[in-house]
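Residue numbers (the numbering used here): 328 to 493.
Written as structure tokens, this is what we have:
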């Protein structure tokens, strides 16, 4: 049994995860909120598509991953380190990340978060960008819209797994 996400499973997940991840990035920039609908939609993709694409034992372990990340995210949210929507979305992402791929995913998430932060901070200083999206709350807030990093990090992970999957 492989502890890495297979290319087969990643290819199954990608078309369903793509619109959710993009919506999360957009909505977090526009409203500084990751809606519960997006969290539930991602969990539903894992529930239905994961059931078809993964061996039963890996699919079941994924639900434990969700629970562990939800508890950690709840603690981080209580301390103000991250937003509640970020914590819930990270928990919904957790089942998609194979345990053997954590050493790939965590640096990937860090790199995507850093690039998203830099890009967001530069973009909000460009007048043409501000005029194109004048009502985006993330232009005004000090906090960073973490959905801009979480959604794309999951997409990049699935793309890498689809190409190089175990």
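Think of the CB as a built atom: it goes at the ideal place given N, C-alpha and C, for glycine as much as any other residue.
In chain order, what are the residue ranges of uninterrupted beta strand (DSSP E) at least 3 long that sit wholly in the segment 452-478?
none
Could you name the residues of the same chain whose beta carbon sits closer than 6 Å to that of residue 366, not counting the 5 residues immediately before and after it, in chain order?
415, 416, 419
Does the separation of the CB atoms of residue 340 and residue 380 fall below 8 Å?
yes
Are the CB atoms of residue 489 and residue 439 within a distance shorter than 8 Å?
The answer is no: Cβ separation not under 8 Å.
Use the C-beta contact count for residue 491: other C-beta atoms within 10 angstroms, 16 or more gives buried, fewer gives exposed.
exposed
Please state whether DSSP places residue 409 in a helix, a strand or coil.
coil
Cα-Cα separation between residue 297 and residue 395, rounded to whole angstroms
Nothing can be reported for residue 297: it is not among the residues displayed for the chain, which extend from 328 to 493.
Please report the straight-line C-alpha distance between residue 427 and residue 433, rounded to a whole angstrom.
Straight-line Cα distance between these residues: approximately 11 Å.
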